[in-house]
Amino acid sequence: MIVDAVATILGGILLLRFWMQAIRVRPPASVAQFTFTLSDWLVRPLRRIVPGVGGYDWASLIGAFLVILLATSVVLLTGASGEAMFLLALYRFFTWIIYGFIALLIIEAIFSWVNPHAPLAPFVRALNDPLLRPLRRVVPLVGGLDLSLLVALILLQIAQVVLGMVFGFR
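Everything in the sequence shown is counted per this note's numbering, starting at 129 for the first residue and increasing by one.
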């Protein structure tokens, strides 16, 4: 349980680092310092092996998968095969990505209700923009309310169910 909690936090930070660089969002200084301080020990050595290509920080993404793979390797103690462990790690990797997007959307919703002018609100909005922009073109405003956030949450939950079916976990 402790290993899984630590892996979840570190994997989430690595995925956030990848996403920030993929969509070219400059984080506030406090977020940048927190993210880079906790992940540099893994990302910097990986960059020697896996350079950034196409403007993407592949070392962060691969680092996140390696953390998940290591945390999932505990199932080997139960007698599971290496192939089963790898598939479980891959499933957990995609699950963490989906949960990360869901968390960002919920944080944006909370900011919009509580304090839309909070210092971190523009940063969270920028992280969510690639997900919400296509939906805002399709989902009309209803009584002045932007329902694209709700539609995105529903689509991510559907993706989670489909992912479980594809990997045979549902």
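Each residue gets a CB set at the ideal place from its N, CA and C atoms; glycine is no exception.
Note that the structure is a prediction, hence the values are computed from the model and not measured.
Burial of F146 is indicated by the presence of at least 16 other C-beta atoms within 10 angstroms of its C-beta.
Ranking Y227, W241 and V290 by CA distance to the CA of G139 puts Y227 first. For the pair L216 and G272, the Cα-to-Cα distance works out to about 43 Å. Taking 8 Å as the cut-off, the beta carbon of L260 is found closer than this to the beta carbon of S276. Residue range G210 to V242 is occupied by the alpha helix (DSSP H) that includes A212. Annotation: L218 to V267 spans about 32 Å, alpha carbon to alpha carbon. Residue pairing by DSSP places V270 opposite L273 in a beta bridge. With 16 or more other Cβ atoms from the protein chains shown falling within 10 Å of its own Cβ, I196 counts as buried.
In the three-state reduction of the DSSP assignment, V181 falls in the strand class. In this chain, the alpha helix (DSSP H) harbouring T136 covers I130 to A150. Linking R172 to I137 through their CA atoms gives a straight-line distance of about 18 Å.
Taking a cut-off of 8 Å for Cβ pairs, the stretch 286 to 295 and the stretch 231 to 239 do not touch, as fewer than three such pairs fall below it. In the structure shown, A199 adopts helical secondary structure according to DSSP, grouped into three states. Rounded to whole angstroms, the Cβ separation of A135 and L198 is 7 Å, and the two are in contact under 8 Å.
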